[in-house]
Amino acid sequence: MITVATYNIKNAQPVARKEHNWPYRKEAILEMICSRNWDIVGLQEVTEEQWQTIAQLEDFEQLGTIRDTEEYGEYNPILFRKAKYKCLESDTFWLSPTPQKMSKADSWKAACFRIATWSVLKDKISGKEILVINTHFDHMSCLARQESAKQLLAFVKAQPYQEVILMGDLNAEPDEPFYPILCQLFTDVSVAATSCLGPKGSFIDEDFPEEIEGKILQKIDYIFVSGQFAIQCVEIVAERKGDAYPSDHLPLECQLIDS
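So in our numbering, spot 29 of the sequence shown is number 61, and the numbers just go up one at a time.
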């Protein structure tokens, strides 16, 4: 069994309400990562301060490259349990026409620098290798999301690995053009799972509402798989820490059986 999760933890840029700033949320985020028994995790919106905090988790190794040189530049790190996996290789490319250098896809009308971080993880017991990709699509440009999906598809098709996990905050609902592009190769675990728990969507609101019951939440966070995975339970984890949710997104987790 492999438990995989994607989680946008909200960057560390200062916000008006004190309790929504990183120093007041970080312990809840760390507890979430550790307490859910996740084996492989993709995080989004991780700034340098947050990267350094997460790097202190003893059970996990963290992989990634920062996407730009701005004050609050972000990583899309991959975390994995060191006791279970060994990293064979890892790298990051930019979602742009020039993926091998730090670049923003202006021709795709992207608002931000966007990246995909990938790693090949080897199971220390079975010896099986999995290609894991974590990404964060542009929030403004439908064209950028569509072209990013094409770029990811081409990247995966060029790799020799049969089993692939693609996850991240794709910043759009499944009715956009990016979705059928990815479904040419991948299965959306939220569609194929034998059991789905929690709310239907994972983006709760930038204002960190104290209660989400009855709210319609956007489905913009995804886990896709290809290969021989049997998709078991999927859950959008609606756990509050104290009186608040620790991020403006809820984590999406999935249990997979590598058959």
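Yeah, the Cβ is synthetic: ideal placement off N, Cα and C, and Gly gets one too.
Given the structure is predicted, the values throughout are model-derived calculations rather than measurements.
{"Asked": "Close Cβ partners of Lys154 (< 6 Å) along its chain, the five nearest in sequence each way excluded", "Found": "Lys118, Leu120 and Glu161"}
{"Asked": "DSSP three-state assignment for Arg177, whether helix, strand or coil", "Found": "helix"}
{"Asked": "Closest by C-alpha distance to Leu184, when choosing among Phe256, Ser158 and Gly233", "Found": "Phe256"}
{"Asked": "Contiguous beta strand (DSSP E) assignments of at least 3 residues, all confined to the region 110-152", "Found": "110-113 and 117-126"}
{"Asked": "Cβ neighbour criterion (16 or more within 10 Å) applied to Ala143", "Found": "exposed"}
{"Asked": "Pick from Glu245, Trp54 and Ile213 that is closest to Ile236, judged by C-alpha positions", "Found": "Glu245"}
{"Asked": "Helix, strand or coil at Ile263 [DSSP, three-state]", "Found": "strand"}
{"Asked": "Whole-angstrom C-beta distance between Pro278 and Arg57, which should lie under 8 Å", "Found": "5 Å"}
{"Asked": "Where Ile263 falls, given that 16 or more other Cβ within 10 Å makes a residue buried", "Found": "buried"}
{"Asked": "Per-residue DSSP class, three states only, for Val188", "Found": "helix"}
{"Asked": "Proximal residues to Ala270 (C-beta, below 7 Å), its chain only, five neighbours per side dropped", "Found": "Gly230, Pro231, Ile244 and Leu282"}
{"Asked": "Proximal residues to Met33 (C-beta, below 8 Å), its chain only, five neighbours per side dropped", "Found": "Gln264, Gln287, Leu288 and Ile289"}
{"Asked": "Those residues which DSSP pairs with His281 across a bridge", "Found": "Phe235"}
{"Asked": "Contact between the region 131-140 and the region 35-43 (3+ Cβ pairs under 8 Å)", "Found": "no"}
{"Asked": "Residues sharing a beta bridge with Thr101, DSSP", "Found": "Answer by DSSP bridge pairing: none, since Thr101 is not bridged."}
{"Asked": "Residues that DSSP places opposite Asp253 in a beta bridge", "Found": "Asp201"}
{"Asked": "Neighbour-count burial assignment, Thr167, 16 or more Cβ in a 10 Å radius", "Found": "buried"}
{"Asked": "For Cys215, three-class secondary structure by DSSP", "Found": "coil"}
{"Asked": "Segment contact flag, the region 175-183 with the region 207-217, C-beta cutoff 8 Å, min 3 pairs", "Found": "yes"}
{"Asked": "Expected contact under 8 Å - CB spacing of Leu198 and Thr149 to nearest Å", "Found": "So it is not a contact: roughly 11 Å between Cβ atoms."}
{"Asked": "Check whether Glu292 and Ile252 have beta carbons under 8 Å apart", "Found": "Nothing can be reported for residue 292: it is not among the residues displayed for the chain, which extend from 33 to 291."}
{"Asked": "Exposed unless 16 or more other CB atoms sit within 10 angstroms - verdict on Ile61", "Found": "buried"}
{"Asked": "Residues near Ile213 by beta carbon distance below 8 Å, same chain, minus five either side", "Found": "Gln178, Ala181, Lys182 and Leu185"}
{"Asked": "Sub-8 Å separation of Ser227 and Gln260 beta-carbons", "Found": "no"}
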